[in-house]
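To keep things clear, I will list the structure first and then write my remarks on it.
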Amino acid sequence: MKYSVFSLIHQAIRGQKDWTPVWRDPEPKEEYDIVLIGGGGHGLATAYYLAKEHGLKNIAVLEKGYIGGGSVGRNTTIVRSNYQEPGNIPFYELSLKLWEGLEQDLNYNVMMSQRGVLNLYHSDSQRDEYARRGNAMAMHGVDGELLNRDQVREMVPFLDFENGRFPIQGGLLQRRGGTARHDAVAWGFARGADSRGVDILQNTEAKQIRVENGKAVGVETNRGFIKAKKIGIVAAGNTTRVAETAGLRLPIESYVLQAFVSEANKPLVPCVVTFGAGHFYISQSDKGGLVFGASLDYYTSYAARGNLPAVEDTIEEAIAIMPGISRIRLLRHWGGIMDMSMDGSPIIDKTDIDGLYLNCGWCYGGFKATPGSGFCFAHLIAKDEMHPAAKALRLKRFETGHVIDEAGTGAQPNLH
Amino acid sequence: MRIPCPFCGERDLQEYSFLGEAGLKRPDPKADDAQQQFHDYVHIRKNKAGLTNELWQHIHGCRSWIVVRRDTLTHEIFSSEFASDTLKEPAK
Ligand SMILES: Cc1cc2nc3c(=O)[nH]c(=O)nc-3n(C[C@H](O)[C@H](O)[C@H](O)COP(=O)(O)OP(=O)(O)OC[C@H]3O[C@@H](n4cnc5c(N)ncnc54)[C@H](O)[C@@H]3O)c2cc1C
Ligand SMILES: [Zn+2]
Chain P
1 MKYSVFSLIH QAIRGQKDWT PVWRDPEPKE EYDIVLIGGG GHGLATAYYL AKEHGLKNIA
61 VLEKGYIGGG SVGRNTTIVR SNYQEPGNIP FYELSLKLWE GLEQDLNYNV MMSQRGVLNL
121 YHSDSQRDEY ARRGNAMAMH GVDGELLNRD QVREMVPFLD FENGRFPIQG GLLQRRGGTA
181 RHDAVAWGFA RGADSRGVDI LQNTEAKQIR VENGKAVGVE TNRGFIKAKK IGIVAAGNTT
241 RVAETAGLRL PIESYVLQAF VSEANKPLVP CVVTFGAGHF YISQSDKGGL VFGASLDYYT
301 SYAARGNLPA VEDTIEEAIA IMPGISRIRL LRHWGGIMDM SMDGSPIIDK TDIDGLYLNC
361 GWCYGGFKAT PGSGFCFAHL IAKDEMHPAA KALRLKRFET GHVIDEAGTG AQPNLH
Chain E
417 MRIPCPFCGE RDLQEYSFLG EAGLKRPDPK ADDAQQQFHD YVHIRKNKAG LTNELWQHIH
477 GCRSWIVVRR DTLTHEIFSS EFASDTLKEP AK
């Protein structure tokens, strides 16, 4: 069913009785050409682009839980491409370009809102660093503007500009950045993939990747063995667990990151604002809730819930830039598991096992990467060659020394 | 999470900093495959879901390095020991 203003009017008149399920709930087939392990944003986007861009049909997405239950439905929805490392910029910019046409492409409202992403700076040296990042972006054709304090004040007057410790001096603004409705992204890609013949298998857990003579041949699941010609691991926070069943050892640690939403308020925060003296980011959802987060909990974890010190730290950072929100009540907070790579940048590559492909290492930034990741991973699986925009995101870069360390923190994932 | 320090007793998570997997052995730089070994040492992690041994430092307390036995699926903590006891290489 194509969604349009006419379908809405029709359903309104019919009392919303004619809506059909957005995707099928098929039985697993015995064999697929391509099996993707993980039905998060990236797995679904990969399936979608495999079908749409490469005309492949016989594809399954295995999801151990339900669609939208992973980090794709838990993130703070920030979309941007203001990176500074040459290996990252083209990739994230490709992704942002795909975001810009995503709703028309999917015929699904993912509520992409290019309201701007504003990174605050608090010292001269940080201004210089942001100028450098802005210049790196400009050299790749990515939009960015360095704002002074007055220009920032005009956009977000309620910040604590005179903060004694971290006065706000200005900011780097990417106007094309913004937010999107996270679970709509999962649903939109699921619907798009399903309508092109992809089988989305929920409650289907990959237990063991079967490898014979150096070639991946299929996946043992709780619903039986599924044969596959090619297998893609797209399991985000659970990557290590899935990959180790094929004997792979990866440069990944899993951590829990928490996110928060407040009660609904009148429009207050017009864009995404980040605190440069810490690691805090905030935006306001269309329902009015303030959506925010900060650093991850500093220990490895597979429990999608965190501890109170990270909560306290987040709230302290919030009050440091926006003292005015100190009385707003929190509505919910939750956690998600993140696949932190050793250099803070993602991995999209083939493995040494024939027919086994890997997509992981998304750290804090995998939501914005969803379309780009799916697009490049589909390209790799379909053509057995790296997409030009993702050619630096190789797994072997850790061996060859070509790491992409945006934050300059070295191989210590909880510092990225 | 509250972590028992062998010296100070049970203390709040906030007093500690986390390094990572315990028991990684710095490779011999003279080994033939030293390059590969160093790659593994710096980058490759077990990242276990379940019981693990981890290095923590009681940074806002006695500053001891300790090895904590913890379940990454539940955050349950089972024991801790001074890293100097657990990780010391046997004398040759
Ligand atoms: C609190 C929080 C805030 C974040 N904020 C942002 C942000 O503002 N901007 C941004 O760009 N990024 C953000 N991220 C990161 C982003 O959400 C993730 O990087 C991204 O969602 C990961 O890709 P995914 O959507 O495919 O993951 P997921 O949705 O986690 O998908 C992985 C799926 O694999 C499934 N799976 C795992 N093991 C198996 C198995 N054995 N068999 C079958 N299925 C399996 C899981 O159930 C899961 O559904 C945030 C993350 C968190 C946790
Ligand atoms: Zn102590």
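Here the protein sequences line up with chains P and E, keeping their order.
Each residue of the first sequence is one higher than the one before, starting from 1 at the first, in the numbering used here.
Each residue of the second sequence is one higher than the one before, starting from 417 at the first, in the numbering used here.
Glycine included, every Cβ here is placed at the ideal spot set by N, Cα and C.
Residue range of the beta strand (DSSP E) that includes residue i
{"i": "Phe498/E", "result": "Ile493 to Phe498"}
{"i": "Tyr32/P", "result": "Glu31 to Ile37"}
{"i": "Ser433/E", "result": "Ser433 to Glu437"}
Beta-bridge partners of residue i, as assigned by DSSP
{"i": "Arg418/E", "result": "Asp428/E"}
{"i": "Arg332/P", "result": "Val261/P"}
{"i": "Val256/P", "result": "Ile337/P"}
{"i": "Thr300/P", "result": "Tyr255/P"}
{"i": "Ala206/P", "result": "Thr221/P"}
{"i": "Ala216/P", "result": "Val211/P"}
{"i": "Ser113/P", "result": "Thr179/P"}
{"i": "Val273/P", "result": "Leu118/P and Ile282/P"}
{"i": "Val484/E", "result": "Glu470/E and Ser496/E"}
{"i": "Ala60/P", "result": "Val35/P and Asp199/P"}
{"i": "Ile233/P", "result": "Ile37/P and Leu358/P"}
{"i": "Asp349/P", "result": "Leu358/P"}
Within chain E, the residues that residue i reaches when beta carbons sit closer than 7 Å
{"i": "Phe398/P", "result": "His455 and His459"}
{"i": "Arg241/P", "result": "Ala465"}
{"i": "Asn414/P", "result": "Phe434"}
Contact set between residue i and chain P, taken where Cβ atoms lie within less than 7 Å
{"i": "Leu429/E", "result": "Asn307 and Pro309"}
{"i": "Leu471/E", "result": "What Leu471/E touches in chain P: nothing, since even the nearest Cβ is about 11 Å away."}
Any non-hydrogen atom of ligand 1 within 6 Å of residue i CB
{"i": "Glu470/E", "result": "no"}
{"i": "Val72/P", "result": "yes"}
{"i": "Ser96/P", "result": "It is worth fixing the name first, because residue 96/P is Leu in this sequence and not Ser. No, Cβ of Leu96/P sits at least 6 Å from all heavy atoms of ligand 1."}
{"i": "Phe367/P", "result": "yes"}
{"i": "Val242/P", "result": "yes"}
{"i": "Lys64/P", "result": "yes"}
{"i": "Ala235/P", "result": "yes"}
{"i": "Ala294/P", "result": "no"}
{"i": "Glu100/P", "result": "no"}
{"i": "Thr239/P", "result": "no"}
{"i": "Leu417/P", "result": "The structure shown has nothing for residue 417/P, since chain P only spans 1 to 416."}
{"i": "Ser209/P", "result": "Strictly speaking, residue 209/P in this sequence is Ile, with Ser absent from that position. No, ligand 1 has no heavy atom inside 6 Å of this Cβ."}
{"i": "Gly38/P", "result": "yes"}
{"i": "Thr490/E", "result": "no"}
{"i": "His42/P", "result": "yes"}
{"i": "Thr502/E", "result": "no"}
Cβ-heavy atom distance, residue i to ligand 2, below 6 Å
{"i": "His474/E", "result": "yes"}
{"i": "Cys360/P", "result": "no"}
{"i": "Phe423/E", "result": "yes"}
{"i": "Ser480/E", "result": "yes"}
{"i": "Gly477/E", "result": "yes"}
Segment limits, alpha helix (DSSP H) that includes residue i
{"i": "Ala318/P", "result": "Leu308 to Ile321"}
{"i": "Asn135/P", "result": "Asp124 to Met139"}
{"i": "Gln104/P", "result": "Ile89 to Leu106"}
{"i": "Ser480/E", "result": "Element bounds for Ser480/E: n/a, residue is neither H nor E."}
{"i": "Gln174/P", "result": "No alpha helix (DSSP H) contains Gln174/P, which is instead part of the beta strand (DSSP E) from Gly170 to Gln174."}
{"i": "Val152/P", "result": "Arg149 to Met155"}
{"i": "Phe398/P", "result": "Arg397 to Thr400"}
Contact set between residue i and chain E, taken where Cβ atoms lie within less than 9 Å
{"i": "Glu253/P", "result": "Gly436, Glu437, Arg461 and Asn463"}
{"i": "Met342/P", "result": "Val458, His459, Ile460 and Arg461"}
Contacts of residue i in chain P (Cβ-Cβ under 8 Å)
{"i": "Thr490/E", "result": "Ala303"}
{"i": "Ser496/E", "result": "Under the 8 Å cutoff, chain P gives no residues; its nearest Cβ is about 13 Å from Ser496/E."}
{"i": "Ser433/E", "result": "Tyr298"}
Chain E residues whose Cβ lies nearer than 8 Å to that of residue i
{"i": "Leu250/P", "result": "Ile460, Arg461 and Asn463"}
{"i": "Thr221/P", "result": "Here the premise fails: no neighbours, minimum Cβ distance about 18 Å."}
{"i": "Ala411/P", "result": "Val458 and His459"}
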